[in-house]
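Following: one structure in structure tokens, then a few remarks.
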Amino acid sequence: MSPSTRSLILLLVAGMSSAVALRAEEKKPYTGAACAADAIAHFRDEVWTKVGVRKCLTCHKSGGEAEESKLVLKDPSKSEGAARDEAMRHNRDAFARMAATKEKDQSRLLLKVTGKLDHGGKDVVPADSAEYRVLADFVRRVHNPKGTTELVIDPKAPPFFDGVVMMDDRRLLRRVTLSLAGRLPTDSELAAVAKSGTKAMPAILDAIMKEAEFYDRLREGFNDIFLTLGIDGNADATVLSYEHFSTTRLWYQKHDLSSAGDAAAQTKARYKLADDYRKALLAEPMRLIEYIVRNDRPFTEIVTADYIMVSPYTARGHGIYDQVKAQFKNPDDPFEFVPVRLKALVGRTKDDNQDSATGFYPHAGLLSTFQYMRRYPTTETNRNRLRARMYYQHFLGVDVLELSARVSDAAAATAKHPIPTMQAAECVVCHKTLDPVAGAFQDYWKFEGVYGKRKGGWFKDMFAAGFEGEDLPAAERWRALQWLGERTAKDPRFAVAMVEHVYSILSGRKALLPPKDIDDPLYSARVRAYLEQRRAVEGIATRFAKSGFDLKAVFKEWVASDFYRADGVATATKDPKRRAELDDIGLVRLLSPEQMERKVGAVFGERWGKLTDQLATLYGGIDSKETTERATDPSGAMGSIQRILSNDVACKHVARDFARPAKERRLFPGIEPTVLPGASPGSDKQIRLAIVYLHERVLGRYDAPDSAEVDRTFNLFAVILKDAKEQKGIDKREAYACRQGGAVTDDPQYTIRAWRAVVTYLLRRSEFLYE
Amino acid sequence: MRRDFLKLCGLAGLGLAVPFRASESRAAEKKDEPYAGPYYVVFNASGGWDTTYLMDPKGVNNINRLFKEGDILTKGAHKYAPIKKHAQGGMCNEDFYTEFGDELFTFNGLDYSVNNHSPGARYMATGKLDSMAYPTFAALVAACRGPDCPLAFLTFGNYSATGNLVAMSRVPYLPSLKKIALADAIEGNERSPYHDKFALDRIEEALREQNATAGTSPRLPRVERGENMLYAAQVNSKALQRVSQYIPANSPKDRLAQQAEIALASFRAGVCVSANLTIGQFDSHANNDPDQMKLLPEFLAGIAHLVRRAGELKIRDQLVVVIQSEMGRTPTYNAGNGKDHWSIGSAMFLGRGIKGNRVIGATDEKQFAVPLDMKTLKVDKEKGVRVRPEHVHESLRELAGISDHVLSKKFPLGVPEKERLRGFWG
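These protein sequences, in sequence, are chains A and B.
Just so you know, we're using my numbering here: the first sequence kicks off at 3 and counts up by one.
Just so you know, we're using my numbering here: the second sequence kicks off at -14 and counts up by one.
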């Protein structure tokens, strides 16, 4: 990237994070204060974003591999507000000191990064790289601040969303009700939006977030993240360890089912009992999330809750049914869940009894659930590192594996040390972060990792248990995960990670990551896009924390945001940079199999029911085990399923809808099969109004009867009738498969089949298949 | 009508105002035909394989407990580890090299540069370490060679990013393809179409018009990409009906063979360009030798299955096979008899355009990479270059004839001219 291009970058960063745009009118001649602000801005936007956070911070920080060096940095993402600004100033000063110090006429900073002067991290920045040029430019600025100070902001850059058209309130309402409640908007919701516009949305959302369907969606969305449904085997045997629940976990085998009938009926009932019980066991973690959100509890409880959720069935497995049965409204409902605090585990042998200063299991929200342990198991060699990695990803939004950087010869560096994970810089980068958290899980080791201390004690050739440089006190070991959860909840990255989770639930994709390739000609545009989204994420996160971690507020904020509402552009742009900036803007989410089923149910009154099992996987679904990420773009196989769905759903519903009284119809309340195009102006008008209605119901479009879109659908209907008229020997009845369930059978003028073709056409369109 | 659609498809996913080049338009005109090859298959030994028990045997410095240096076997230019006595199932090296050595090309001394699974997997799959946006080679070649194939890029796991160029297809079971092959017929029965043919034709026509009209309106890049990919997916999906005839009556039991059968049926039907096949659990931090002796033979058996069955299906001469992992294993055993992550390893290749019976590059007696003279392809400790994934990917793009494709240029690998591998494929 050329220096001139770099100087035009509009970056709004703080530790690759929150930002305040300096507008054109703020550009002033050099003054001391302005210079300082510009210097910080330049450092933040150029040096920190492109080099510091990626190449230096992992080692040069308190607790890092290079904490003893002269360059010790602060991580701005771990603080907020003024503290974050202060961290950036601190980092700028530290870099400037290093840049100003010379060794034989060369800047110490430039020598170190290229592996000279015995740099522990070796040559982290090659001398011919773009990163090096950024640092060299910084060194020049440090030596000559007046001569080189310049604004890094493009004074001509328009606001980020300039020219982006936002979705209107009616369509936004439909998007929200379908996404979060799996239904179409009600008349009263539409009236509220018509009257008050966007201002009506918070109250509507409050009501939606009380509906049962919202909690189905919430659990589904968070399972996409935590994947706790993806535990292999029968949950009664995997979630509940034999060592601690041997007398209770198989309760269903002896449960009295005599009321079910004869032996065969009892066997069938027992299968169902076992199936429901296992489903309920797997559901416990996501029910915890539901409970927290439904009861407006601080969302930090996902790492601090001193309870788990149990149903009448799972309570029996846990051996606490008698203790909690009074709390259930319906003790026969396998999926009614209530919170409960377990007692410390009692093993079959004394050695396997759980340590507890209180006599209770040290619950730490999801972290300490048996399901989380089993979904992310450990081994003698993995040593809880998978758990630690997932912990960072799930609760702090950090991909620890990405902390490691390329080095000139990783193998040689590794081979020098007897314990590379504690001694080799490129290993320590990750392991100094990862291993202490792995140590916090140390007592969840035996019995497939559910609970139990490792024989011989915890590993000595690992960094000791703790969190981010703080050691776990010995007295806290029995409640290590609670200790970890308490620190997690206070870490600013927690709120950010949760806001990103909600974004992924709403958008179907992860929040943007900082672009890494600074040689990319579109790098500055991608950075701008990242930072714009980052600003939204962090702004919502700050308010989320201030609200007492009210997750519903996060949903409301995202729905109101430009990121959720962006719908189009006023004018086409071919400028690659602007297109790169807007590349991720617009929801454009291909509906998942589950969402698709709900949408069909909302529009047609009945789910399709076929997007399950293998077909769901083929349609990009997940099984939470092997396949854990949903497909975001349609393959040919998915295109084929869309065609089947559009054909089949239309087949099932069109003739049936016409068989109902007009007032009860979902698709054709204003037209009869006898109305033909071209018969009269009145009939054409009637057909057009029917199409307008269908467009709204199926596609969420609000088209005028004389619009081009309605023209196209009208023409489709009319031309099919014309073609049919020209066919010889055509059947006067609807196709056999499409006249089931009380549907209209006779179709003398082919209108029912033509309307079915219209519905098929609409179901294949992006407005239906995407959110 | 088909050509208009193809033009849209060619741009689908680009998200950039990239001119559609004349040569690609000409190629697109023929796309009603089944895609006839080459077919690209990338085998991934996920978790990190022990190359010293396969194509880069050592037998010294306690690197291998199962054999000594003098036990190392050869087949033509290849040296390989003797594992017949220890292999648990699958196909041992001895049999693999006997059958495929003449067409196998090995590169040793590849510098993965990182010691971590996910960055390593990304780097090996894309040739780019410092970007999350790059497509895997398999996705890129699918987008360049056959964007209108309904299952252009098949994946069964491992890193599978597409760079928004082409949709990723996951087909978990062969029978599931049968279910969707005839989408416009009730229960897949060709004699019971949902719509009369004239009505279906009108539906398709309306959809095409609607898509073309949408293309004339200003749209967000993401909307444009989504609508184009959706339209392409639906129209292209009709070619899936060709797959049914190639689905074998019985599905094999082995993991890789199952994946291979899905890929082969799709190749043979002309609906697929590339497939990413993978098995995991190579991460042998404990008990390295028993684990590798189970997994390497399973891996080789999967490769052999693919190549043999491709022969039966008469498409073997169109196969290009890349065999790789995201890292190697250390030259020393840890306290648990395992081997940890090692950033040096190997890759193997065979198939169309690749001269076999060759080994290029090397590791030394301590399993460190030896730099390579990129022109002579001889090791040169002093002036050579450490060969990294981007070098190999640059060569793969050349092999596939897509180096200058507009989509490849969108994702440059940044290999300087002087560092390009010359004559790599023989």
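Positions of the beta carbon are idealized from the N, C-alpha and C atoms, including for glycine.
Here's a check: name, in chain order, each residue in its chain whose Cβ is nearer than 7 angstroms to the Cβ of residue i, leaving out the five neighbours to either side.
i	result
A:Glu596	Glu222
A:Ala466	Pro438, Gly441 and Asp473
B:Cys77	Ile68, Lys69 and Pro282
B:Gly105	Tyr97, Val99, Glu311 and Met312
B:Thr348	Asp41, Asn93, Gly94, Ile329, Ala354 and Val355
Is the separation between the beta-carbon of residue i and that of residue j shorter than 7 angstroms?
i	j	result
B:Asn143	B:Asn29	yes
B:Thr59	B:Ser331	no
A:Leu474	A:Ser370	no
A:Gly1	A:Lys627	Since the first residue shown for chain A is 3 and the last is 773, residue 1 of chain A is missing from the structure and cannot be characterised.
B:Pro203	A:Leu584	no
B:Leu150	B:Leu392	yes
A:Thr630	A:Leu229	yes
A:Ala366	A:Gly454	no
B:Leu229	B:Lys163	Checking the sequence, you will find Ser at residue 229 of chain B rather than Leu. In contact: B:Ser229 and B:Lys163 (Cβ atoms closer than 7 angstroms).
B:Tyr24	B:Leu304	yes
B:Ser161	A:Leu220	no
B:Leu225	B:Pro135	yes
A:Glu338	A:Ser313	yes
A:Val590	B:Val208	yes
A:Ala183	A:Phe216	yes
A:Pro675	A:Thr762	no
Got a sec? Which residues, its chain only, sit under 6 angstroms from residue i by beta carbon, not counting five neighbours each side?
i	result
B:Met109	Gln309, Glu311 and Pro374
B:Gly321	Ala271
A:His697	Arg703 and Asp705
A:Thr240	Ile233 and Arg376
A:Leu508	Trp560
Provide the residue span of the alpha helix (DSSP H) that contains residue i, from first to last.
i	result
B:Gly86	Here B:Gly86 belongs to no alpha helix (DSSP H), and DSSP marks it neither H nor E.
A:Val166	Run containing A:Val166: none in the alpha helix (DSSP H); it sits in the beta strand (DSSP E), Val166 to Met168.
B:Arg207	Pro206 to Asn221
A:Lys554	Leu553 to Ala562
A:Pro485	The residue asked about is misnamed: residue 485 of chain A is Trp in this sequence, not Pro. Note, A:Trp485: alpha helix (DSSP H), Ala482 to Lys492.
Excluding the 5 residues preceding and the 5 following residue i in the sequence, name in chain order all residues of the same chain whose CB lies nearer than 8 angstroms to its CB.
i	result
A:Lys554	Leu207, Asp208, Met211, Val295 and Asp298
A:Asp238	Arg251, Leu252, Tyr254, Ala276, Tyr279, Arg280, Leu283 and Gly319
A:Gln395	Asp401 and Val402
A:Pro31	Residue placement at A:Pro31 is flagged as unreliable, the pLDDT there being 34, under the threshold of 50; the coordinate-derived value follows with that caveat. There are no such residues.
Mind checking which residues open and close the beta strand (DSSP E) that includes residue i?
i	result
B:His63	His63 to Tyr65
B:Lys60	Leu58 to Lys60
A:Gly603	Not the beta strand (DSSP E): A:Gly603 falls in the alpha helix (DSSP H), residues Pro595 to Phe606.
B:Leu139	Phe138 to Thr140
A:Gly570	Ala568 to Val571
B:Ala30	Tyr24 to Ala30
So what does residue i bridge to, in DSSP terms?
i	result
A:Lys63	A:Leu75
A:Pro341	A:Met311
B:Gly330	B:Leu95
A:Lys104	A:Ser109
B:Ser116	According to DSSP, B:Ser116 bridges with nothing at all.
B:Thr348	B:Ala354
A:Pro473	Residue 473 of chain A is actually Asp in this sequence, not Pro. Note: A:Asp473 sits in a beta bridge opposite A:Gly468.
B:Ser202	Looking at the DSSP assignment, B:Ser202 forms no beta bridge with any residue, so it has no partner.
B:Val364	B:Leu357
Comparing the CB of residue i with every heavy atom of the ligand COA, is any distance shorter than 6 angstroms?
i	result
A:Asp238	The ligand COA is absent from the structure shown, which contains no ligands of any kind.
At 7 angstroms on the CB atoms, spell out the chain E contacts of residue i, in chain order.
i	result
A:Asn386	Going by chain labels, chain E is absent from the structure shown, which instead holds the protein chains A and B.
Threshold first: 3 residues or longer. Then list the beta strand (DSSP E) segments lying entirely within the segment 244 to 309 of chain B, N to C. 259 to 264, all fully within the segment 244 to 309 of chain B.
Which full runs of the alpha helix (DSSP H) of 4+ residues lie inside the segment 684 to 768 of chain A, going along the chain? Runs of the alpha helix (DSSP H) inside the segment 684 to 768 of chain A: 710 to 728 and 753 to 765.
Those runs of the alpha helix (DSSP H) which lie wholly inside the segment 162 to 241 of chain A and span at least 4 residues: DSSP runs (the alpha helix (DSSP H)) wholly in the segment 162 to 241 of chain A: 171 to 183, 189 to 198, 203 to 210, 214 to 228 and 237 to 240.
Return the chain-ordered ranges of every beta strand (DSSP E) run that is complete within the segment 127 to 178 of chain B and spans a minimum of 3 residues. As far as the segment 127 to 178 of chain B is concerned, its whole beta strand (DSSP E) runs of at least 3 residues are 138 to 140.
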